[in-house]
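Below is one structure, written out as structure tokens, with a few remarks after it.
In my numbering, the protein residues as written are 1421 to 1565.
This is how it looks when you write it as structure tokens:
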């Protein structure tokens, strides 16, 4: 499981908050990592992994703060940006395909952000989505085991 984000940019830290919650569960056989969203960092983390579940903040057209979306390669990209980073996860996955660095299965959860300016706290709508995102990740991990 990879939580992507920046804890100094308000809701962009949601991936890190979710990763922290999942890590605290100490699930056997589940490695929890955090990343800034830099493509090389993500590609190295998920290469040849049976299942990679990623959580990241999203914003843009059609975003509703706190809404959780599920995306997998081969499905249509949601209306809001799939990432708050310059090279989003669909583009990072495409790069990984070209380089032969992809997980066998990838599931991405995004949480629509309200605020990605400077600050260290999640907005209430996004903070309220953290337990639901954790539950969605646990369901994916359970399905795959």
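Where is the CB? At the ideal position from N, CA and C, for every residue including glycine.
Only a predicted model underlies this, so the values are computations on that prediction, with no experimental measurement involved.
Minimum C-alpha distance to residue i - residue among the options
i            : options                : result
residue 1479 : 1535, 1509, 1563, 1543 : 1535
residue 1486 : 1462, 1459, 1533, 1526 : 1533
residue 1466 : 1561, 1564, 1563, 1525 : 1525
residue 1476 : 1424, 1565, 1563, 1561 : 1424
residue 1561 : 1464, 1434, 1472, 1440 : 1472
residue 1508 : 1440, 1545, 1463       : 1463
CB contact flag (residue i, residue j, <7 Å)
i            : j            : result
residue 1453 : residue 1488 : no
residue 1438 : residue 1550 : yes
residue 1531 : residue 1547 : no
residue 1523 : residue 1442 : no
Residue i: first and last residue of the uninterrupted beta strand (DSSP E) it sits in
i            : result
residue 1475 : 1472-1478
residue 1455 : 1453-1455
residue 1423 : 1422-1424
Helix, strand or coil at residue i [DSSP, three-state]
i            : result
residue 1530 : strand
residue 1433 : helix
residue 1502 : Residue confidence is low: residue 1502 scores 48 on pLDDT, short of 50, so the model does not pin down where it sits. Its coordinate-derived value is still stated next. Correct three-state label for residue 1502: coil.
residue 1489 : strand
residue 1539 : strand
residue 1523 : coil
residue 1446 : coil
For residue i, the first and last residue of its enclosing alpha helix (DSSP H)
i            : result
residue 1484 : Note, residue 1484: premise wrong, no alpha helix (DSSP H); not H, not E.
residue 1468 : Neither: residue 1468 is in no alpha helix (DSSP H) and is coded neither H nor E.
residue 1560 : 1544-1564
### Query
If you pair each beta-carbon of the region 1538-1552 with each one of the region 1429-1439, do three or more pairs fall below 8 Å?
The region 1538-1552 vs the region 1429-1439: in contact.
### Query
Pairing CB atoms from the region 1552-1563 with CB atoms from the region 1508-1520, are three or more of them under 8 Å?
Segments in contact, no.
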